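Quick notes on the structure that follows.
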Amino acid sequence: MSEPGGDVRRTLVSARGVHVVAGRIPAVGSRFDVDEVEQLLGTDAATLGALDETRVASYLTARRWVRDIVTVRLRRAWSGFEATPRGVKPRLADSTLDVSIAHAGDRLVVGVVEHGRIGVDIELVASVFDQPSLARRLCTSAERRWADGLEPADRRAWLTQLWAVKESYAKALGAGLSLDFRRVDGAALRHRVAVRGVLTPASGASHAKIAVSWVDAAPSCSPSPVRAI
Ligand SMILES: CC(C)(COP(=O)(O)OP(=O)(O)OC[C@H]1O[C@@H](n2cnc3c(N)ncnc32)[C@H](O)[C@@H]1OP(=O)(O)O)[C@@H](O)C(=O)NCCC(=O)NCCS
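So this note's numbering is basically just the index in the sequence shown, starting at one, shifted up by 27.
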């Protein structure tokens, strides 16, 4: 599938009711006409006016990619999104499908599942992952010991991927960063009851890590004392 800007989105997963697409946000994505946006967003269209201008292209592109999965791949009707405040998992209107969205720089990942709940995340490998405070917030004690044994570049990449895995899980649950990542063993996550799968598909760019979590219909999230940053 290609966008008007010449960019290409890639299907990372399309099997067993899980559909994930990733790619670069097209430069022309911020142009839109009102009718198309109302059809795309449904009752969530009201959110657009409150968005920072720099986020509009990414916001709309994500929703277009979700709509394409729903209408083209799954051949379902489209009623837009429910109006949800920031910090709440996006929901499709009049649909049992579950969706998740992640942005990082000019990159975007969207996922749709036909059963259960999905969370996707994309993280850029960056120096923030070298900070000891981040590792303290992210890792179990065993994960910290493992990370400490890695060469700096490998450590950064490994922690980036670990963050993406845990954030995708948190987004599947709808908990966001209120989940205490220190209590989640990244490698054991896929064996948890109610976790159907954890995928780490190649992003197509060495500086970006992607993760997808697929869980049973999520329990309500329980915010932890760990603050979102
Ligand atoms: C959700 C959150 C993890 C996003 O992280 P981020 O690294 O800033 O951004 P990402 O690009 O990875 O994800 C952004 C997307 O997550 C989705 N999202 C927002 N809140 C979400 C939630 N609670 N659960 C799942 N997905 C959520 C949105 O679709 C958003 O994309 P949009 O702006 O196009 O709508 C983070 O903002 C957060 O934790 N917010 C607080 C949520 C919270 O504490 N809720 C309490 C519920 S108990």
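All C-beta atoms in this analysis are idealised placements derived from N, C-alpha and C, irrespective of residue type, glycine included. All of these numbers come straight from a predicted model, not from anything done at the bench.
Looking at the backbone, the Cα of Leu78 and that of Ala202 are separated by about 22 angstroms. Following the DSSP letters along the chain, one finds Thr38 inside the beta strand (DSSP E) bounded by residues 36-42. Residue environment analysis places Ser127 among the buried positions, since at least 16 neighbouring C-beta atoms fall within 10 angstroms of its C-beta.
When DSSP reads this structure, His46 sits in a beta bridge with Ser41, Val139. Taking C-beta atoms as the reference points, Ala174 and Leu186 count as a pair closer than 8 angstroms.
For Val225, the CB stays at least 7 angstroms from every heavy atom of ligand 1. Counting C-beta atoms within 10 angstroms of its own C-beta, Asp71 has 16 or more neighbours from the protein chains shown and is therefore classed as buried. The straight-line gap separating the alpha-carbon atoms of Trp105 and Arg118 is approximately 12 angstroms. Here the C-alpha atom of Asp148 lies approximately 20 angstroms from the C-alpha atom of Thr81.
For the segment 50-138, the full-length alpha helix (DSSP H) segments reaching 4 residues or more read 61-68, 80-95 along the chain.
For Val192, the secondary structure class from DSSP, reduced to helix, strand or coil, is helix. Going by DSSP, Glu178 is part of no beta strand (DSSP E) at all; its letter is neither H nor E.
With fewer than 16 neighbouring CB atoms inside 10 Å of its own CB, Gly176 falls in the exposed class.
Residue pairing for Val220: DSSP places it in no beta bridge. Judged by DSSP secondary structure, Ser205 falls outside any alpha helix (DSSP H); it is assigned neither H nor E. Per DSSP, Ser230 is not a residue of any alpha helix (DSSP H), being assigned neither H nor E. Residues Trp241 of the same chain have their beta carbon placed closer than 6 angstroms to that of Gly224, with the five preceding and five following residues left out of the count. A Cβ-Cβ separation of about 6 angstroms places Gly50 in contact with Leu135 under the 8 angstroms criterion. By the criterion of a C-beta distance shorter than 6 angstroms, Ala221 is surrounded in its chain by Val242, Asp243, once the five residues flanking it on both sides are discounted.
By the CB criterion at 8 angstroms, Ser41 and Arg91 fall outside the cutoff.
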